[in-house]
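Numbering (the working numbering), first residue to last: 89 to 292.
Taking it in order: structure first as structure tokens, then the write-up.
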Amino acid sequence: MARPKSPEKKEWIRKAAINLISEEGFHGVTTDKIAKEAGVSVGTIYNYFQNKEDIIAYIFQVEHKKLNILFDRFRKKKISVPEKFKLLIDKYFKYVFNNKKLAKVIHNETFRPGKKITREIFNYILAIRQYLKELIEEGVAEGTIYPDYNLDMVVNILMGLSFTTIVFGYMQPEEVDYIYQKGPEDIYQMLARGIFKGHHEKLT
89 MARPKSPEKK EWIRKAAINL ISEEGFHGVT TDKIAKEAGV SVGTIYNYFQ NKEDIIAYIF
149 QVEHKKLNIL FDRFRKKKIS VPEKFKLLID KYFKYVFNNK KLAKVIHNET FRPGKKITRE
209 IFNYILAIRQ YLKELIEEGV AEGTIYPDYN LDMVVNILMG LSFTTIVFGY MQPEEVDYIY
269 QKGPEDIYQM LARGIFKGHH EKLT
């Protein structure tokens, strides 16, 4: 009879993988190392995951669920789209700042050379793209975003900014405080001067 699986142990393994892979890279980490970091046996890891790729998939699944919860909360907010963008940018920067190792793993595993885009990674990226597109369409409908821009191009630019933020955060650690303190306002001001109607002044 198979032993019941423990959500707590699965979480230990997930966190251990994030810690190690962020420092040593996917190929530099073995299941033995993850087991030692998590304080479990190698056999325990295989009770939950088939291999390292399966652990990576689970990391993206967890983050995808968090995104869906966050986006649902934003959908219910009775504020303008520019205000939603301002809050969303601020939350994103704070989350990345407080979870640098996770952010590095998410970025590196999304763009790892030779890696096949798995369903979990695709769903994670798609969730972000769909909500940004939805938010821009909402802004156009409420009259706070100019309708002249190519919607997909705007989404691509915003996606690029989000991933670039992560890269600068761990490639230039000496500037990390400035990036995460000033970044949200800088990006918001670019949007205010670009796609938002009537928001060319600095908002506080």
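Think of the CB as a built atom: it goes at the ideal place given N, C-alpha and C, for glycine as much as any other residue.
| Query | Result |
| --- | --- |
| Closest by C-alpha distance to residue 247, when choosing among 217, 237, 180 | 217 |
| Segment contact flag, the stretch 179-190 with the stretch 117-129, C-beta cutoff 8 Å, min 3 pairs | no |
| Residue environment, residue 199, which counts as buried when at least 16 other CB atoms sit within 10 Å | exposed |
| Option in 141, 245, 131, 97 with minimal Cα separation from residue 117 | 141 |
| Rounded Cβ spacing between residue 151 and residue 101 (contact assumed at less than 8 Å) | Contact flag wrong, Cβ pair sits at about 16 Å. |
| Alpha carbon of residue 183 to alpha carbon of residue 106, nearest angstrom | 15 Å |
| CB contact flag (residue 139, residue 93, <8 Å) | no |
| Sufficient close CB pairs (3 or more, under 8 Å) joining the stretch 217-231 to the stretch 163-173 | yes |
| Rounded Cβ spacing between residue 249 and residue 221 (contact assumed at less than 8 Å) | Wrong, their Cβ atoms sit about 15 Å apart, outside the cutoff. |
| Exposure of residue 284, with buried meaning 16 or more beta-carbon neighbours within 10 Å | buried |
| Endpoints, the alpha helix (DSSP H) within which residue 122 is located | 119-126 |
| Limits of the unbroken alpha helix (DSSP H) element including residue 217 | 207-230 |
| Cβ-based burial, residue 214 [other Cβ within 10 Å; buried from 16] | exposed |
| Residues near residue 108 in its chain [Cβ-Cβ closer than 7 Å; skip 5 each side] | 117, 121, 122, 125 |
| Spatial neighbours of residue 144 in its chain, beta-carbon cut-off 6 Å, leaving aside the 5 residues before and after | 197 |
| Which of helix, strand or coil DSSP assigns to residue 281 | helix |
| Residue 225 to residue 245 span [Cα, whole Å] | 16 Å |
| Delimiting residues of the alpha helix (DSSP H) encompassing residue 131 | 130-136 |
| Environment of residue 137 [buried if 16+ CB atoms lie within 10 Å] | buried |
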